[in-house]
Each structure stands twice: as structure tokens, then as C-alpha cells.
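So the structure is just underneath, and the comments pick up after that.
Chains as they are written, first to last, in my numbering: chain S, 19 to 166; chain B, 19 to 166; chain X, 19 to 166; chain V, 19 to 166; chain L, 19 to 166; chain Z, 19 to 166.
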């Protein structure tokens, strides 16, 4: 599989396709196109580093660009405050059991002011919702007219 | 299955066990124990009705009591504001595809001030998180040291 | 799509591929091969009818045969008693939100002796497990050495 | 984040909120309130140790108390025997992929008499149910009238 | 909630936020911005109608635009053929139990040549994968070195 | 638990039931029945080794036989080409977060010709489908008549 390990000249991808541990592309090794995205990430987030999500996505530049544009739009300033947006993200990631995302967005939430008490409440709500979601389908609950 | 349809004198349960469409227990037909819980729900929520989740759970009074105590504690006043708590609940319910809970907590969120723009942002975040959760496991992302 | 509605002579399949509402194959319209499976289902279960799961699978006879052989082996007599096997099945189906399976296996459980109290306990456990599963990943619990 | 590492005097929480690896609270370091719950866990389970689920939840004493009360009620003696309750718990935990819960409740099941053959049957049923749950929604099965 | 039913002048959204049954925006009632997206959908797909997914998303034009751009990029011509892309989409939608998406992408797959036999094989694989995924976590399988 | 570690004479199972890390049965230690299955796996796949999925399932020979017969039938030659079958398998495994299956079927896909670009497209589609599945239920989309 040595050919696979070299960067594919057309797509910029490295690493075995589908291999676990697809390699992150570090800034120094990135194409100008990828570096432009990295620069925008760091400028927008006011950090001096890029995390593994972006560095591994960078193996496929169209997806890197699309996902960064999406994250900027969806997680940027809006009608919901930044911390609330992270709490929603963590709620989904916990429900799905995604350790990477829980760690990543947990760190983001802390940076946006999450306190220990708020975190405990978040975890309690996520657990409770996962519980009552199953009660609802087990008992075949009919949606009350007042909810429509 | 006629014996099953009558209320079980010991547990207070009605309806076929495991049947879809297990019957809600209306206030007028409820035991004093169940009515006490209904009264507390209506007083706490300042409403004059009880929804199907509680009325069907009432077939098993220990569970009705436990779940109401839990919901009061977890969804009550705390470090997270009431609307944020509902948004977290909806995020989980959408991820799990629970139509009853989406309707129920959507109504609760609206009553607590949810605007159309906020709702659109919530849905966008829930979709995005479900997407990136899968990217993370497909690409076997390693948790960055900065996140620990 | 009229060609799709006719039975495909080679595979015996009817209905639009992928269409919702793929048609059940009734006994009277079934090939001898399919009827043989239906007969075995009814003999094994001591019933005089076949449910929609089997009648729709019958559109693809190899899958009908394989799934009936599997169900006979996995759900047949063994080290776990028949009711316990149905409770496990319901637990999974509730977790996944499969209404058809909840209804189907709920009926099977009732036929095997499930009482209302047992059903209430089952639903409570399924809800609780879905709750603590999320606590575990949210809090990144490390497996205790005593559990290995 | 040094302030976060110290125990929060108001809530008793330690560790970064949302950090992976939130620290377990050992008995020796626990408040009297938390020790009381630990004592009840050990007395009820007739063990001389407390597992990581409880020790990490202990960072938020209200949740520790609530979850222990819940587990005592839901997993305690009832209409379902203790081993069956653990099998249901494992079925859910396997479906959700929760390694901690599979290990924890696997150990509990073994302590309650689970044999290798029973375990193999449990795993086979959980796999099969996850399979047929998907057949059901893919084929849009209609619930048979006999199941209602 | 009458104010909520009217179109919000700033965001263009109609309907109760979070209400089930959020209303689809028909072409005739759409803003020029939304019509432009509808036109592109119909031109790209060579159809004369727009489905409910787009018409309901149209309540929040930024999301409508983003999702259409995404779908065009991800589901457009590429290294995977169009039918294969739909099969992957259906596999996910069946796993998650999304009836709308199963119907929508099932129709798309048929239009791209899906045969009844191919559909049956797809359903069988999705069921089997959901089964073996649970075997793997239940048995705590270690990843073979040959797979890395 | 030493008795549990020895092979159970009746079932051939080794290892603690339900223990994480149930032991794989190597060829040299396998019964003739199990070796026959291993031989068929290696002959069918033209390999000289058997992976952990089969070696751990071998603790329960009926399940080993059943699953190998199933995999041969479902993943064997058919109306879908071999690579497409693996892509469907990976799509499900990513959605469910099964690391073992992603690694195993990723390797199989590579052996059947998967390129880096195809893999990137697969991951993008799986992410997108998981996103739109949630949009659909959050917005309570009604299935368009054209899809039936």
C-alpha cells in the first residue's frame, strides 16, 4: 500500500483510503488552498493551532472547505448564544457516543464559560431525554392536540 | 385478554401489557395517589391539563412518581435557563427521532420564548453535529491533547 | 412503473423496489417455496396466520428462508426461557424505536405470559439503561479493573 | 484551568467541567452526604467497593442521590428476576455501544448466575433484533391488526 | 401565536417555531431568493416540482441555500456512481429509521436504475451490518493488526 | 472465575461469559467443527488467516456457522457489485460508530478497489445523510405523494 501513503497528486489525499488513523495534514505540509482554510479557522477562533478534525478532513480539500463554511455559518453569531450552541452540540454528541466531539465541544464550551454546575445539568438532561424518548415509543404515546 | 383490560387491583395498571396504545388514565378515573401527582404537575407548570406522557405512565404509579420527581429536579430552575434546557431536550429527541418528545418539548420551548430563528438554528446545529459525529468515527480522529 | 408492479419472474419479487409499502405476499398468491416457509412458521408457532414481516420478506425468497431459519435458531428453546428472549427483543426494539417490532414482540411476550407489572419494569429498565449509557460516555468513565 | 481542578466549594465538583476524565471521588475524599450514598450502595449490593459510575457522578451530589434511588427502585426485586433485569440492561447497552455499561452489567449478570451459553444467546438475540428492526423500517411494514 | 403564523419579515420564516408540521413554502408564495434555489433544484434534477424537504427548509433561506449547495456537491457526479450514492444514503436512513428519507432516496434510486433484486440485497446488507456491529461491541473485539 | 476460563466441555466456550475481551479461538486450539468453518472462510476469501470476529464468535459454534453462512449469502456475488456491498456495510458501521467493523470492512473495501477519492465521497454522504435524517424528523416532513 505504499502508493496509497504518498499524497495523491490530484486530490491531495494521503494515507490508505478507509484506513483507521488517516493522517492529519500539518500546516507545514499543507497546500496553499488548505493553509488558507487553516488560517481562516485560526483567525475566526483566535487560536494558533488547528485541531485533528480539520487536519484530517484536509485530506479532501473540498470537504474541508465545505465543512468550515458550514461550521462558520451554523455555529457563528446568531439568535442562540455561543455557549448554548455548544451545549446543543454536546447533547447530540453524547447521545451518539462520539468521544472526539464530546472532548472537542466540551473544550469549546468551557472556553465560552461553561461552569461545572451547568455541565452537570446538561448531562442530566441528556440522560433524562434519552430515557423518556424510549418511554414514549414503548408506550406508543399519541401526540396531544395541544402540542400541534 | 379481558382480564388485562381491567385495572389490576395491585398495581393500578390497565390495558394489555406491551400493547401499543396503552390507555391514558384521565383525572376522573385516577386513584388519589395518581391525582396527587397530576395536581403537582399542573401546579408546577401552571396548566389545567396533563399530557399523555404522564397519563400513560400513570398505569404504573411508582414510575409516574419517580419520573415526575426527576423531571422537576432536572428541568427545574438551575444554572441553565429554562429555554436552554428545552433546547437540549429537543436536540436529543431529534437525534433519536422521537416524534412525541419533539412535539411536547417544542411546545414547551415555544411557551418559554423560542423564536422561529432560534428554532432554525437549533435544527441546523443538531443536523451538523450528527454529521460531524460520523466524520469523527469514520476518520478515527485522535483526541487532541489540548482538549484533555 | 407498471413493469415493477408485476411479479419479477426470476426473483419472484413484486412492487416497486424501495417503495414504501412493498406488498405482502398472501398464502394464496405464494409460490410453493414460499408456502413451505409459511407452513413451517405456522406449524412452529402453532398459529393459522403469518404476519407482515414474513409476508413482505417473501418478495425475496432467499431472505425469507434465511431469516426464518435464523429466528427459529435464535428464538427457539435454549438456555434463556422464551419470555426472557422476547423481553430482550423488545428492549432492543424500544431502544431503536421500531414500532412494528415493539408491537410484534409485545404480542409474542403477552402470549408467553408477560404481565402488566413485568412490562412496566421492562420499560423502566430500558429507559434507565438508555440514560446511564449516556452518562457513561459524557463522563468518559474508565472501566473498573474488577469488571474485566 | 487550575481553579477548575480544585473542588468547587458550593457544588463539591472537581475537575474541568466537561473534561474527559472527570475525576472519581474516592470514599476518603467524599463529603458525609456522598459517603452516605456510597455506604448504601455497598450495603445494598453487599460489596466493599464502589464503581466509577457512582464515584464520578459524585461530583454532582443531587444526581448521585437521584440515580442511586432510581437504580434501587428499577433494578431491585420485582416481577422480573434479577438476572433478567441485567440481560435487558446489557441488551440496551450493546445496542447503544456503551462499553462501560456492557462491562459493568456483564459483571453483574455473571454474579447473578449468567452462564456462557446464556450470554451467547443474549448476544445473538440483540444482533438479530437490530437486524430485523431495520428490515421493518426499510420495508415500511404495517402493524398487523392481530398485534393491537 | 398568530404573530408566529405570519411570515417573519426579517427571516422569511412562517409557522410556529418548533411546531410539528412546519409549513412548506410553495413556489408561488416564495421570495425571489427561494425561487432561485427551487429553479436550480429543478434544473439540476430535471424535474418540474420540488419536494417537501426543500419546501419546508425554505422557511429559513440560509439553511435552504447551504443544504442545496451541499447536496449538489456531495451527491453530484464523482468517483462513486449516482446509484451507489443513493444506496449509501438509503443505508444510513434505514439505520436511523428516517421514513421520509427512505421514501425520498428510494424514489431517487429507482429513477437511477435500482432493480428489485438490488434493493433486496441492500436491505439484507443493512440488516446484517446492524447485527454484526452489535456482535462486535458485545464481544469487545480487538481490531486485527492486518486492518490498520 | 477460573472455571469460566477453561473451555466449557458442552458448548466449547472459553472465557468469562460477558467479559470484555472474550478470547479468540485460534486454529490450533479449535475443534474440527470450528476448523471446518475457518477453512471455508479462508478458501472463500482466499486468505491464510481468520479475523477476530470469527475467532471470538467461535466460542459459540452455532452462531459461528450461522453468521458465516449468512455473510456468504448476503455479501457474496449478486446484483450489487462487491465494492458497493462493502460501501453499504461501512455506511452502516460509521452511522453506528462500530470501530471494529469500520476497520474490517474498510480493509475489505480497499482490497476490492476503493480509492481515496471514493472513500472521501462515502464519508461525506454518510455525514450528510445523518444530517438530513434529523432535519426530516425535526421538521416533521410529510412524505410527498410522488414518492409512494
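For every residue, glycine included, the Cβ atom is placed at its ideal position computed from N, Cα and C. Just so we're clear, the structure is a prediction, and the values are computed from it rather than from any experiment.
DSSP places residue 140 of chain S in the uninterrupted alpha helix (DSSP H) bounded by 134 to 156. Residue 159 of chain L sits in coil when the DSSP states are folded into three classes, being neither helix nor strand. A residue is called buried once 16 or more other Cβ atoms fall within 10 Å of its Cβ, and residue 136 of chain Z is buried on that count. In this structure the region 67 to 82 of chain X does not lie against the region 106 to 117 of chain X, because fewer than three pairs of beta carbons, one per stretch, are closer than 8 Å. Secondary structure note for residue 45 of chain B: it is in no alpha helix (DSSP H), with a DSSP letter that is neither H nor E.
Under the 8 Å criterion on CB atoms, residue 138 of chain Z is classed as interfacial with respect to chain S. Its chain contains 42 as the residues whose beta carbon lies nearer than 6 Å to that of residue 70 of chain S, once the 5 sequence neighbours on both sides are disregarded; these appear in chain order. The Cβ atoms of residue 158 of chain S and residue 102 of chain B lie no closer than 8 Å to each other.
Of all residues in the region 147 to 162 of chain S, those with a C-beta nearer than 9 Å to a C-beta of chain B are 147, 148, 149, 150, 151, 152, 153, 154, 155, 156, 157, 158, 159, 160, 161 and 162, reading in chain order. Residues of the same chain with a CB within less than 7 Å of the CB of residue 62 of chain Z, apart from the 5 flanking positions on each side, are 90 in chain order.
Among the residues of chain V, those whose CB is under 7 Å from the CB of residue 142 of chain S are 81, following chain order. Here residue 67 of chain S is exposed: its Cβ has fewer than 16 other Cβ atoms, across all protein chains shown, within 10 Å.
Annotated three-state conformation of residue 68 of chain Z is coil, per DSSP. By the rule that beta-carbons nearer than 8 Å mark a contact, residue 78 of chain S touches chain Z. Only 88, 89, 91, 92, 93, 96 and 97 from the region 86 to 97 of chain V bring a Cβ to less than 9 Å from some Cβ of chain X.
Around the beta-carbon of residue 65 of chain S, fewer than 16 other beta-carbon atoms lie within 10 Å, marking it exposed.
Residue 84 of chain S belongs to the set of residues whose beta carbon lies under 8 Å from a beta carbon in chain L. Residue state for residue 128 of chain L is assigned as helix, using DSSP reduced to three classes. DSSP places residue 123 of chain V in the helix class (H, G or I) of the three-state scheme.
The DSSP-derived three-state label of residue 83 of chain L is helix. Chain Z places no beta carbon closer than 8 Å to that of residue 49 of chain B, leaving this residue out of the contacts.
Sequence-distant Cβ neighbours of residue 106 of chain L in its own chain, meaning closer than 7 Å and more than five residues away, do not exist here.
The three-state secondary structure of residue 98 of chain B, taken from DSSP, is coil.
Of the candidates Z:49, Z:140 and Z:95, the residue whose Cα lies closest to the Cα of residue 94 of chain L is Z:140. Counting only residues of its own chain and dropping the five nearest sequence neighbours on each side, residue 126 of chain X has a CB closer than 7 Å to the CB of 104.
Within chain L, the residues whose beta carbon sits less than 8 Å from that of residue 115 of chain X are 115, listed in sequence order. Classified as exposed, residue 54 of chain L has fewer than 16 neighbouring CB atoms from the shown chains inside 10 Å of its CB. Within chain B, 161, 162, 165 and 166 have C-beta atoms less than 9 Å from the C-beta of residue 121 of chain S, given in sequence order. Scanning L:156, L:99, L:60 and L:120 for the CA closest to the CA of residue 130 of chain L turns up L:99. At the C-beta level, residue 118 of chain L and residue 154 of chain Z come within 8 Å of one another. One Cα belongs to residue 57 of chain S, the other to residue 149 of chain B, and the distance between them is close to 23 Å. Take the alpha-carbon of residue 144 of chain L and the one of residue 44 of chain V: they are about 45 Å apart.
Under a criterion of Cβ atoms nearer than 7 Å, no residue of chain X is adjacent to residue 110 of chain S; the nearest Cβ is some 11 Å distant.
Listed along the chain, the chain V residues whose CB falls inside 8 Å of the CB of residue 106 of chain X are 105, 106, 109, 140, 143, 144 and 147. In the three-state reduction of the DSSP assignment, residue 114 of chain S falls in the helix class, which pools H, G and I.
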